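Be aware that the sequence shown starts at 37, since it is given in our numbering, and climbs by one per residue. Just below is one structure, and these are the notes that go with it.
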Amino acid sequence: MLQCDSSVFYDKVASIDSNFPKMARAAPCYSLWFQPLSDDAELGSFKAIELTEMLSLVEPVKSSSADDPTAPEILERGMSVIALLLCDLLNSSLETVRFPRRWKHAMVMTLLKKPGLDTSKRENFRPLSPLPFISRVAEKWVNQQLAGFIETKDLLLKTQCDPPPP
Numbered sequence: 037m038l039q040c041d042s043s044v045f046y047d048k049v050a051s052i053d054s055n056f057p058k059m060a061r062a063a064p065c066y067s068l069w070f071q072p073l074s075d076d077a078e079l080g081s082f083k084a085i086e087l088t089e090m091l092s093l094v095e096p097v098k099s100s101s102a103d104d105p106t107a108p109e110i111l112e113r114g115m116s117v118i119a120l121l122l123c124d125l126l127n128s129s130l131e132t133v134r135f136p137r138r139w140k141h142a143m144v145m146t147l148l149k150k151p152g153l154d155t156s157k158r159e160n161f162r163p164l165s166p167l168p169f170i171s172r173v174a175e176k177w178v179n180q181q182l183a184g185f186i187e188t189k190d191l192l193l194k195t196q197c198d199p200p201p202p
């Protein structure tokens, strides 16, 4: 296994970061994707997740890390027991506008960019930071609501040619 320090990733981030002052003078990129908001185009709160919605969100989410304490395999076996608890956790998070610190914790790992590359060279790896399972479920739920809101309020420009931000 390659012993990897963070210098390659740090250098890459520093290089990208050095371009931000130049970019800051340009028009904000969101103005290219979204139309100005009207008075009625305000998302005041998120809808609470119900049991059937939780089950449909959980089903397609795959494990991203062996270190995830809530691995999908465990959840699948006990979903009938814990689905309501997951609903309560997510709804409480949305209602209090608090996202638990552990849901934000990701262990940075390295992944070979392409099969067959020299594993002794750090530049052949890219960083991977998988979030916990419950965090990804929460993200999917919020993204669904945001996407629906943007579509319902017709906030995307008709001339948009790039895909909208996730």
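Cβ atoms here follow ideal geometry from the backbone N, Cα and C, with glycine treated the same way. Every value quoted in this text rests on a predicted model; they were computed, and no experiment measured them.
What's the gap between the Cα of residue i and the Cα of residue j?
i: residue 159; j: residue 54; result: 20 Å
i: residue 163; j: residue 172; result: 18 Å
i: residue 168; j: residue 141; result: 7 Å
i: residue 226; j: residue 189; result: The first residue shown for the chain is 37 and the last is 202, placing residue 226 beyond what the model contains.
i: residue 117; j: residue 177; result: 20 Å
i: residue 130; j: residue 149; result: 36 Å
i: residue 146; j: residue 161; result: 6 Å
i: residue 68; j: residue 86; result: Reliability of the predicted coordinates at residue 68 is poor, the pLDDT of 47 falling under 50, and no value is obtained from them.
i: residue 174; j: residue 52; result: 29 Å
i: residue 170; j: residue 114; result: 14 Å
i: residue 125; j: residue 136; result: 10 Å
i: residue 95; j: residue 112; result: 8 Å
i: residue 191; j: residue 50; result: 34 Å
i: residue 128; j: residue 92; result: 19 Å
i: residue 88; j: residue 183; result: 20 Å
i: residue 154; j: residue 110; result: 36 Å
i: residue 48; j: residue 157; result: 15 Å
i: residue 61; j: residue 90; result: Annotation note: pLDDT 43 at residue 61 (below 50); position unreliable, no value reported.
i: residue 152; j: residue 119; result: 42 Å
i: residue 121; j: residue 187; result: 30 Å
Would a C-beta distance cut-off of 7 Å place residue i and residue j closer than the cut-off?
i: residue 133; j: residue 165; result: no
i: residue 180; j: residue 82; result: no
Assuming residue i is part of the alpha helix (DSSP H), what are its boundary residues?
i: residue 169; result: 169–188
i: residue 90; result: 87–94
i: residue 158; result: Where residue 158 is concerned, there is no enclosing alpha helix (DSSP H), given that its DSSP letter is neither H nor E.
i: residue 138; result: 137–140
Measure from the alpha carbon of residue i to the alpha carbon of each residue in the options, then state which is nearest.
i: residue 79; options: 185, 191, 192; result: 185
i: residue 84; options: 157, 93, 152, 123; result: 123
On the DSSP letters alone, give me the boundaries of the beta strand (DSSP E) that residue i sits inside.
i: residue 162; result: 161–164
i: residue 147; result: 145–148
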